[in-house]
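J.:
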Amino acid sequence: MASNSSEFSFIFFTLLLVASSAYQFDIGEWRQPTGKEPQTYNEWASRNRFHIGDTIVFKYQNDSVLLVSSADYINCITSNPISKFEDGTTVFQFHRPGYFFFISGKPGHCISGERLIVDVIHPHNAASPELAPSPAPAGRDSEDSDESSKPQSSSASKLSVLTGVVATVIVVYKLM
1 MASNSSEFSF IFFTLLLVAS SAYQFDIGEW RQPTGKEPQT YNEWASRNRF HIGDTIVFKY
61 QNDSVLLVSS ADYINCITSN PISKFEDGTT VFQFHRPGYF FFISGKPGHC ISGERLIVDV
121 IHPHNAASPE LAPSPAPAGR DSEDSDESSK PQSSSASKLS VLTGVVATVI VVYKLM
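Each residue of the sequence shown is one higher than the one before, starting from 1 at the first, in this note's numbering.
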């Protein structure tokens, strides 16, 4: 019986660890860029750190969000999506490390810049004690690069929560 209790406790705290480390990113309004936006979707993504379990929220009207391959992303091909979302508010959860490629399903929007690449950090990279700063997007002034090279506060707070939960799991597991 003690073994089942130990296993349950370990599983419970592991699930708690995963749940407490997830973050929801709001991309804002998903729409065709006008050229007056302060940053592109990819510039926004480069300033954030995405982890397994995190979610991204797309809000849109008269449009869609397509998850596509890298080749379809580069060429703005909408006819063969991995997943298609059309409900106006899409919450997508990252389930693995690596690149995720999103484009608009509306003709002409992708080529105009309504597309996004998200790089989800591998768990081994996410657990390092010091977070590497995000690289400054190409073509930015040195003034701007100081601000954009700072780690996002969401990553720092996630690491803090993650460390506390891991320490708690280890202590509880050793007490069993």
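Glycine is no exception: its CB is placed at the ideal position from the N, C-alpha and C atoms. The structure presented is a predicted model; accordingly, all values stated were derived computationally and were not measured.
By a C-beta neighbour count over all protein chains shown, 10 Å radius and 16 as the cutoff for buried, is Ile103 buried or exposed?
T.: If you number the sequence shown from 1, residue 103 lands on position 103. It is buried - the Cβ of Ile103 has at least 16 other Cβ atoms within 10 Å.
J.: Once the 5 residues before and after His95 are set aside, which same chain residues still bring their CB inside 7 Å of it?
T.: Translated into the one-based positions of the sequence shown, residue 95 becomes position 95. So the list reads Ile52, once near-sequence residues are dropped.
J.: Which partner residues of Arg179 appear in the DSSP bridge assignment?
T.: Nothing about residue 179 can be read from this structure; the chain reaches only from 1 to 176.
J.: Give the single residue among Lys36, Lys106, Pro33, Asp54 whose Cα lies nearest to the Cα of Asp119.
T.: To locate residue 119, count along the sequence shown from 1; it is residue 119. Nearest of Lys36, Lys106, Pro33, Asp54 to Asp119, Cα basis: Asp54.
J.: Which residue from Phe25, Asp63, Asn48 puts its Cα closest to that of Pro33?
T.: On the sequence shown, position 33 is the one that residue 33 refers to. Nearest option by C-alpha distance: Asp63.
J.: In whole angstroms, what is the alpha-carbon distance linking His109 and Glu86?
T.: Within the sequence shown, residue 109 is the residue found at index 109, counting from 1. Within the sequence shown, residue 86 is the residue found at index 86, counting from 1. Using only the alpha carbons, I get a separation of about 15 Å.
J.: Around the Cβ of Glu114, are there at least 16 other Cβ atoms within 10 angstroms (buried) or fewer (exposed)?
T.: Locating residue 114 in the sequence shown gives position 114, counting from the first residue. Glu114 is buried by the Cβ-count criterion.
J.: Work out the CA separation of Asn42 and Gly88 for me, nearest whole Å.
T.: In the sequence shown, counting from the first residue as 1, residue 88 sits at position 88. In the sequence shown, counting from the first residue as 1, residue 42 sits at position 42. Approximately 21 Å, taken between the alpha carbons.
J.: Alpha carbons only, please: which of Gly28, Gln24, Val57 is nearest the one belonging to Val230?
T.: Because residue 230 is not part of the residues shown, which for the chain are 1 to 176, the question remains open.
J.: Give the straight-line distance between the Cα atoms of Tyr23 and Ser83, rounded to the nearest whole angstrom.
T.: To locate residue 23, count along the sequence shown from 1; it is residue 23. To locate residue 83, count along the sequence shown from 1; it is residue 83. Cα-Cα distance, rounded: 22 Å.
J.: Is the Cβ-Cβ distance between Phe101 and Ile77 less than 8 Å?
T.: By 1-based counting over the sequence shown, the position of residue 101 is 101. By 1-based counting over the sequence shown, the position of residue 77 is 77. Not closer than 8 Å, so no.
J.: Looking only at its own chain, which residues have a Cβ that is under 6 Å from the Cβ of Glu29, when we skip the five neighbours before and after it?
T.: Here the question's residue 29 lines up with position 29 in the sequence shown. Counting only Cβ-Cβ distances below 6 Å, and skipping sequence neighbours, we find Lys59.
J.: Go through its chain and collect everything with a Cβ distance to His122's Cβ below 7 Å, but skip five positions before and after it.
T.: One-based indexing of the sequence shown puts residue 122 at position 122. Excluding residues within five positions, the ones whose Cβ falls inside 7 Å are Pro97.
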